[in-house]
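*Asks:* Handing you this structure, nothing more for now.
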Amino acid sequence: MRMLRLRFPAALAFLLIASALLSSVTHPASGQSTQILVAKQDLIQAFQSIRTAEQQGASNADLLPLSMQLNTALQYEESAEILSQQGNVSAAETSAVQSINLSTQVTVGAEALGSQAKNSSSYLTVLAYLIAVALALLTTVVVLETNRIMRIARRRRLLKAEIDYGK
Amino acid sequence: MQDRLAVFLVVFVCLTAIFSSVTFYIISPRPAQPFMGFGVFSHQGLQGFVPSNMTITPPQTFDWNLTVTNRTNKEQFIMVIVRIGNSTTSSPNVTSPAPTPSELGKMQRFISDGETSNIDFTWTIKSTNRTGDLVFVNLQINGQSVSSGPVGAVSGSKFRLIFELWTFDLASGSFQYGYPGEISQVGTWLQVWFSVSG
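Protein sequences appear in the order of chains A and B.
Quick note: the first sequence uses numbering that gives the first Met the number 0, first residue 0, plus one each step.
Quick note: the second sequence uses numbering that gives the first Met the number 0, first residue 0, plus one each step.
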């Protein structure tokens, strides 16, 4: 009975140490691979945001810096994968986090550019069609009322002309 | 008076239709056939252009550029897959890529519409292995060591480096061979032949 009492805390201590060791071995590895997976997903999400911004009318010149930033994020993600394969877990995680941060910045920037472009393009479209209607109205008046306009102009010219009494 | 109003309305409606059509034409994006250009060049330009039949004595290093031009009217996420082949390996074509066991490496880039991306491609043939009649090559591509195995060539025969262009398809969430054309994917690939001496 006394032996059992001694063995139980020892077994408990052994289990605790073993579980602590296992968690210290497995946790960083699983965390690191999760970060790389997140980095990959964020790259795709940022790419999708750029595509959406293009569809909303954002210009290539505005989107080019975001594309360059996304390439840097891709480089970080690739180096994270290489570092992970080499077993350098902490450096891999740092690279993955840098990639995630850049991808997030690109997503936010692309969404802002997209909504800006959407608003300005719909405003410009409305303005263009309003100008077209105004021009149509002006042309209609000019075409239909040319004779009257000419007559009024002639009458004004006559009124302004000096009367010659034939001295 | 009513006649004049009717005439005014008819002319106004006609002119509005004409001016609106012109506006629609002006503000609509120009139709353009989407395409992607793909080339392999050396850093020295024409002076050191990539010869089609090279004889390489290991160890020898080459600094090349893979040039990808995007004219698809949208951002592209591209991947270039590098494979090794011999004279009997089946080549890629317009619809399908080369068989997978010959893959040596891959490079990825994001390319904006209207942009050209230069991808560094530095490769070295470090040594050769001979197994029976077949010769296998040990290479280093952008710092990564790879072997040509299982692709070998009979002594004196040629190898070839095959470059395939793949683009990311958001709908399927994966890379697809070629680039999105007007109707379907257009497969694009290049190859450079070489033989290994010694």
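Ideal placement from N, C-alpha and C gives every residue a C-beta, glycine not left out.
Because the structure is a prediction, the values reported are computed rather than measured.
Relative to the C-alpha of Thr127/B, which residue among Gln59/B, Ser95/B, Trp63/B and Gln184/B is closest?
*Replies:* Gln59/B
*Asks:* Beta carbons nearer than 8 Å to chain A: which residues of the segment 145-169 of chain B have them?
*Replies:* Phe167 and Leu169
*Asks:* In chain A, what lies closer than 7 Å to Val14/B by C-beta?
*Replies:* Reading off the sequence, residue 14/B comes out as Leu, not Val. In chain order: Ala135, Thr138 and Thr139.
*Asks:* Determine contact between the segment 72-88 of chain A and the segment 137-150 of chain A, defined as no fewer than three beta-carbon pairs at a distance below 8 Å.
*Replies:* Because the criterion of three Cβ pairs below 8 Å is not met, the segment 72-88 of chain A and the segment 137-150 of chain A do not touch.
*Asks:* In chain B, what lies closer than 8 Å to Tyr128/A by C-beta?
*Replies:* What Tyr128/A touches in chain B: Ser19 and Thr22.
*Asks:* In terms of alpha-carbon separation, which member of Lys39/A, Gln54/A, Pro64/A and Asp163/A lies closest to Glu114/B?
*Replies:* The closest CA to that of Glu114/B, considering only Lys39/A, Gln54/A, Pro64/A and Asp163/A, is found on Pro64/A.
*Asks:* Is there at least one Cβ from chain B nearer than 8 Å to Ser29/A's Cβ?
*Replies:* Reliability fails at Ser29/A, whose pLDDT of 45 lies under 50, so the model's placement of it is uncertain and the value that follows must be treated cautiously. Chain B contact via Cβ: absent.
*Asks:* Consult DSSP for Thr22/B and reduce its assignment to one of helix, strand or coil.
*Replies:* helix
*Asks:* Does the Cβ of Ser90/B lie closer than 7 Å to at least one heavy atom of the ligand COA?
*Replies:* The ligand COA is absent from the structure shown, which contains no ligand whatsoever.
*Asks:* Using C-beta distances below 8 Å, list every residue in its chain close to Thr71/B, excluding the 5 sequence neighbours before and after it, in chain order.
*Replies:* Pro33, Phe34, Met35, Asp112, Tyr178 and Pro179
*Asks:* Can you tell me the Cα-Cα spacing of Ala16/B and Trp63/B, whole angstroms?
*Replies:* 56 Å
*Asks:* Taking the beta strand (DSSP E) that Pro69/B falls in, what are its first and last residues?
*Replies:* The sequence given here has Asn at residue 69/B, not Pro. Unbroken beta strand (DSSP E) run through Asn69/B: Gln59 to Arg70.
*Asks:* Can you give me the Cβ contacts of Gln55/A inside the same chain, cut-off strictly under 6 Å, excluding the 5 residues immediately before and after it?
*Replies:* By the criterion of a C-beta distance shorter than 6 Å, Gln55/A is surrounded in its chain by Gly113, Ala116 and Lys117, once the five residues flanking it on both sides are discounted.
*Asks:* Shorter than 8 Å from the beta carbon of Ser66/A to some beta carbon of chain B?
*Replies:* yes
*Asks:* Of all the residues that make up the segment 78-108 of chain A, which are near chain B by a beta-carbon distance shorter than 9 Å?
*Replies:* Ile81
*Asks:* So, is Ala52/A buried or exposed, given that buried needs 16 or more other C-beta atoms within 10 angstroms?
*Replies:* buried
*Asks:* Drop a sphere of 10 angstroms on the beta-carbon of Val24/A, count the other beta-carbons inside from all chains shown, and report buried for 16 or more, exposed for fewer.
*Replies:* Residue placement at Val24/A cannot be trusted, given a pLDDT of 43 that sits under 50; the coordinates are not used to answer.
*Asks:* When the Cα atoms are used, what is the spatial distance from Gly211/B to Val185/B?
*Replies:* Summary: the structure shown does not reach residue 211/B, with chain B confined to residues 0 through 197, and so no result is reported for it.
*Asks:* Looking only at C-alpha atoms, which of Gln139/B, Thr166/B, Ser147/B and Ser101/B sits nearest to Leu133/B?
*Replies:* Ranking Gln139/B, Thr166/B, Ser147/B and Ser101/B by Cα distance to Leu133/B puts Ser147/B first.
*Asks:* Using only alpha-carbon positions, find the residue among Thr139/A, Thr103/A and Ile130/A that is nearest to Gln47/A.
*Replies:* Thr103/A
*Asks:* Is Ser146/B helix, strand or coil by DSSP?
*Replies:* strand
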